[in-house]
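Notes for the one structure printed next.
Protein chains: 2
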Amino acid sequence: MTAKLLSAAPVVDQFKRDLAERCQALKLKGFTPSMCVVLVGDNPASQSYIRNKRRICEEVGASFRLEHLPADIGRNEFLGHVKELNQDPGIHGIIVQLPVSEHLRNLDLPNLVHPAKDIDGFHGQNTQQLYAGTRDLSLLLPCTPKGIIHLLNFYGYNLKGSSVAVIGRSAIVGKPLSMLLTNLDATVTLAHSQTKDIREVTRQAEIVVAAVGKARFMDRSYFNSERRTVVIDVGMNSLNGKLTGDVDLDDVKDFVAAITPVPGGVGPMTVVTLIDNLISAVERTAKGMQ
Amino acid sequence: MTAKLLSAAPVVDQFKRDLAERCQALKLKGFTPSMCVVLVGDNPASQSYIRNKRRICEEVGASFRLEHLPADIGRNEFLGHVKELNQDPGIHGIIVQLPVSEHLRNLDLPNLVHPAKDIDGFHGQNTQQLYAGTRDLSLLLPCTPKGIIHLLNFYGYNLKGSSVAVIGRSAIVGKPLSMLLTNLDATVTLAHSQTKDIREVTRQAEIVVAAVGKARFMDRSYFNSERRTVVIDVGMNSLNGKLTGDVDLDDVKDFVAAITPVPGGVGPMTVVTLIDNLISAVERTAKGMQ
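So this is what it looks like as structure tokens:
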């Protein structure tokens, strides 16, 4: 037996068609979905992420703007730019591309963008909805967790009552994902670097999400082949210049039921979910104005 | 073997002495810690909770005010009262006592109180710190989770690397507690009504937190006596007019290592932690003004 590859491609294709239709419907009502990315400095990885965002915006008919600021921009000037975008009725979604310059890092970055334009889903008012128990995927929730749920739904995996091990406790992936899965009736164990024996956790789960940030961290010893585990690999590590996941796919492929590839799995789901958040934000604005 | 009773009494005593000292130190600097509870209508349970809060305030030397509003108060008038309290420099902690009247429930209650005066720890800006990974118990975090950590610390239980099962996914207890425990390096499984087999979860954990809200929900079958489980019972259920926990203490006492009694366990820890949040809020104000 070899694991089924849970590729993002068919999900993304379906998503894009749907997003293009919703975008067109909004344009007919006079709203052209528009996002703006605020980039400080010239981080090359950021530039590549931004190209992806721009490309999908163009593909679905949304408008894209880059606000490129110098690395040494003053705090007040930076804050002024974000404030202007928050107030600009022609901009529906704002992303402050991370990382920003050192001297801006002690700003309260997650809460700078107005919650209604926070398509990254990092603002306290948006993450708070995860506490409140929401299972509404049209809300502005963090993109990687939401993208993972869409991927699992597309491939027909049932979350209700399933046991999920999330490995990694970051504020962007592990924690919000564990809450969203809980809201969707999964039973989640959140493990991390201080967990005594991660294998004990992963070998018992039906779904394992690896969000560790270490190339090929998990080999076959992490899985019980009888459990027919579904593996979601969130890793985007660079190994010898190659994008590499947290799971050693070649080593585990005969020991798990299904796995997302890297590249071509969680990454593309995250970007398309960001554009989904943009369109959802505009739909909410359009509804409020009717 | 009979389980050790993890009574709140000695923890609360120690806490109160400490709070009284911190309160006195603040008074010498010209700040008298003052909390205000906003009560809408005449819910008898609310009145009893409020009496507890007032009593502890008086015991540690803080000032207490009750703003008692009629059950049929208008939305705007209600909001006006809260706004006034937010702006009043003589009030450091505000609690909107739940439940409020039906017609006020669709207000964004957790976010009405200014985050710096939110001693319940429900505001998005405060809960957000749990995402960010904080382990700082001087922050305004939700009282029941924080009180449980204080209790476990007092009795010398080590959280780092321990496996904890939290049963119940509420926004007030289960979810924030699971995140706080994660930040303190525990490995947490969050189970709930849709979990296939809760016993499978509880029988493997070193610490079990029952926050289910059903009287005597757990009997000995939920525990593996060889694991010497530590049980935290958050239940405050009324059974035949008696305050009853989620765990059947009499039934489990020879099968677990330690357990919090009900009453006299988590409940008193929650109230004293609320006053701790009040004093912490004033300490932060006092520091900012020096």
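Protein sequence lines correspond, in order, to chains A and B. The working numbering puts the first residue of the first sequence at 20, with every later residue one more than the last. The working numbering puts the first residue of the second sequence at 20, with every later residue one more than the last. Glycine included, every Cβ here is placed at the ideal spot set by N, Cα and C.
Residue i, enclosing alpha helix (DSSP H) - first and last residue
i                : result
serine 65/A      : 63-79
isoleucine 165/A : A small fix is needed here, since residue 165/A is lysine in this sequence, not isoleucine. Residues 162-173.
asparagine 256/B : Taken as a continuous stretch (DSSP letters only), asparagine 256/B belongs to no alpha helix (DSSP H), being part of the beta strand (DSSP E) at 256-258.
glutamate 96/A   : 94-106
glycine 109/A    : Per DSSP, glycine 109/A belongs to no alpha helix (DSSP H) and is neither H nor E.
leucine 131/B    : Counting along the chain, leucine 131/B falls outside any alpha helix (DSSP H), and DSSP gives it neither H nor E.
Secondary structure of residue i, DSSP reduced to three states
i                : result
leucine 24/B     : strand
arginine 84/B    : strand
leucine 262/B    : strand
arginine 239/B   : helix
asparagine 125/A : coil
valine 119/A     : coil
lysine 48/A      : coil
isoleucine 138/B : coil
lysine 35/A      : helix
serine 272/B     : The question names serine, but residue 272/B in the sequence shown is lysine. Three-state result, lysine 272/B: coil.
threonine 153/B  : coil
proline 89/A     : coil
Selection from the options that minimises the alpha carbon distance to residue i
i                   : options                                : result
aspartate 120/A     : Leu131/A, Arg94/A, Arg222/A            : The question names aspartate, but residue 120/A in the sequence shown is serine. Answer by Cα proximity: Arg94/A.
tyrosine 150/A      : Ala81/A, Ser181/A, Lys194/A, Ser189/A  : Lys194/A
arginine 9/A        : Gly80/A, Ala81/A, Leu85/A, Val79/A     : Because chain A in this structure spans residues 20 to 309, residue 9/A falls outside the shown range and cannot be described.
aspartate 91/B      : His122/B, Pro29/B, Asp238/B, Ala210/B  : His122/B
asparagine 296/B    : Ser240/B, Pro29/B, Leu38/B             : Leu38/B
glutamate 103/B     : Leu131/B, Gly80/B, Ala81/B, Cys76/B    : Leu131/B
serine 67/A         : Gly286/A, Gly254/A, Phe34/A, Ser82/A   : Gly286/A
valine 30/B         : Lys306/B, Val301/B, Thr289/B, Ser299/B : Thr289/B
aspartate 80/B      : Met54/B, Val228/B, Val183/B, Ala205/B  : Note that residue 80/B is glycine in the sequence shown, not aspartate. The candidate whose alpha carbon is nearest that of glycine 80/B is Met54/B.
lysine 233/A        : Gln144/A, Gly166/A, Val281/A           : Val281/A
leucine 25/A        : Gly284/A, Thr221/A, Val271/A, Ser82/A  : Gly284/A
valine 228/B        : Leu262/B, Glu219/B, Ala184/B           : Ala184/B
methionine 198/B    : Gly254/B, Asn145/B, Leu98/B            : Asn145/B
alanine 300/B       : Ala28/B, Pro52/B, Thr21/B              : Pro52/B
phenylalanine 236/A : Leu170/A, Arg218/A, Val249/A, Pro161/A : Arg218/A
lysine 306/B        : Ala27/B, Ser65/B, Gly49/B              : Gly49/B
leucine 58/B        : Lys46/B, Glu40/B, Leu98/B              : Leu98/B
alanine 28/B        : Phe242/B, Val291/B, Thr304/B, Val250/B : Val291/B
alanine 230/B       : Ile191/B, Thr201/B, Leu203/B           : Ile191/B
threonine 206/A     : His111/B, Leu209/B, Asp204/B           : Leu209/B
serine 181/A        : Gln213/B, Arg303/B, Leu160/B           : Gln213/B
serine 157/A        : Tyr174/A, Leu171/A, Ile138/A           : Ile138/A
cysteine 162/A      : Val101/A, Ser240/A, Lys72/A            : Lys72/A
threonine 263/B     : Asp252/B, Gly109/B, Arg154/B           : Asp252/B
glutamine 33/B      : Tyr174/B, Asp270/B, Val266/B           : Tyr174/B
leucine 45/A        : His169/A, His111/A, Arg124/A           : His111/A
arginine 188/B      : His211/B, Arg36/B, Tyr176/B            : His211/B
Residues that DSSP places opposite residue i in a beta bridge
i             : result
alanine 277/A : Lys23/A, Val249/A
For residue i, the first and last residue of its enclosing beta strand (DSSP E)
i             : result
valine 59/B   : 53-59
glycine 112/A : 112-115
Whole runs of the alpha helix (DSSP H) within the region 157-236 of chain A, excluding any shorter than 4 residues: 162-173, 193-202, 217-221
Runs of alpha helix (DSSP H) wholly within the region 283-309 of chain B (minimum 4 residues, chain order): 285-308
Mind checking the region 133-163 of chain A against chain C and listing, in chain order, the residues whose C-beta falls within less than 7 angstroms of any C-beta there? Looking for chain C here will not work: the only protein chains present are A and B.
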